[in-house]
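Quick note on this note's numbering: the sequence shown kicks off at 68 and runs consecutively.
Beta carbons: idealized from backbone N, C-alpha and C, even for Gly.
First comes the structure, then the notes that go with it.
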Amino acid sequence: MPDRPAQILEAAARLIARRGVRGLRVEEVSAEAGVSTALIYYHFKDRAGLLRRTLEFINQRAVRYTDAAMQPSGDPRTQLTEMLLLELQDAPQVRENSAAWGEFRATAIFDPDLREQLATSTREWVEDLADLVRQAQAAGLAGPGIAPSAAAERLTALVEGLSERWLSGTTPLPRAHELLRDAIDMELRQP
Numbered sequence: 068m069p070d071r072p073a074q075i076l077e078a079a080a081r082l083i084a085r086r087g088v089r090g091l092r093v094e095e096v097s098a099e100a101g102v103s104t105a106l107i108y109y110h111f112k113d114r115a116g117l118l119r120r121t122l123e124f125i126n127q128r129a130v131r132y133t134d135a136a137m138q139p140s141g142d143p144r145t146q147l148t149e150m151l152l153l154e155l156q157d158a159p160q161v162r163e164n165s166a167a168w169g170e171f172r173a174t175a176i177f178d179p180d181l182r183e184q185l186a187t188s189t190r191e192w193v194e195d196l197a198d199l200v201r202q203a204q205a206a207g208l209a210g211p212g213i214a215p216s217a218a219a220e221r222l223t224a225l226v227e228g229l230s231e232r233w234l235s236g237t238t239p240l241p242r243a244h245e246l247l248r249d250a251i252d253m254e255l256r257q258p
């Protein structure tokens, strides 16, 4: 028996990635998921609840495909690089996540509830990377004078921007990877 909430969240993520958040209707999600609208309301209460849970879903999915980079390898700088590069891969889930994340970010300009949730997710991502920067500093793989949180914030912002350019077809994926690697080298420069 399928996990109905997961099925609904997958459908919502697909629709948001294809058509955006602002025009998303519960009826469209029910059709995409092959479930009744009543079931969506049962599990998510309302459209806002569905959106909040969909954002959580895409964040959790991103953690799953970037977790491989978080396995202790003895080289936190390589872990950081791999973790960021995994956000820019030509895999259906990654493309869908990146597009949906961009749509949520754009919608948050007009929706304070989403803004708060996005800020929390972004803060957690930045903290994970800042932790890796600190570990790289401790291992002598990053400059000691680097501010880990600031470097992590700049790198995550760059990944989001590169993702938008890649998805819009203005920056090829290999070029996005090259730019990201260069930025990591500049951010973690050693004296």
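- Here DSSP, grouped into helix, strand and coil, assigns isoleucine 213 to coil.
- The three-state reading of DSSP puts threonine 174 in helix, counting H, G and I together.
- A straight-line Cα-Cα distance of about 31 Å links glutamine 184 and proline 241.
- Annotated three-state conformation of leucine 181 is helix, per DSSP.
- Remark: fewer than three beta-carbon pairs, one from each stretch, lie closer than 8 Å, so the segment 204-213 and the segment 114-130 are not flagged as touching.
- Look at leucine 240 here: in three-state DSSP terms it is helix.
- In this structure, the beta-carbon distance from isoleucine 83 to alanine 166 falls below 9 Å.
- Following the DSSP letters along the chain, one finds valine 96 inside the alpha helix (DSSP H) bounded by residues 93-100.
- Under the three-pair Cβ rule at 8 Å, the segment 155-166 does not count as touching the segment 213-220.
- Leucine 76 and leucine 255 have their C-alpha atoms spaced approximately 37 Å apart.
- Less than 9 Å divides the Cβ of leucine 225 from the Cβ of leucine 246.
- Pairing alanine 129 with glutamate 154 gives a Cβ-Cβ distance under 9 Å.
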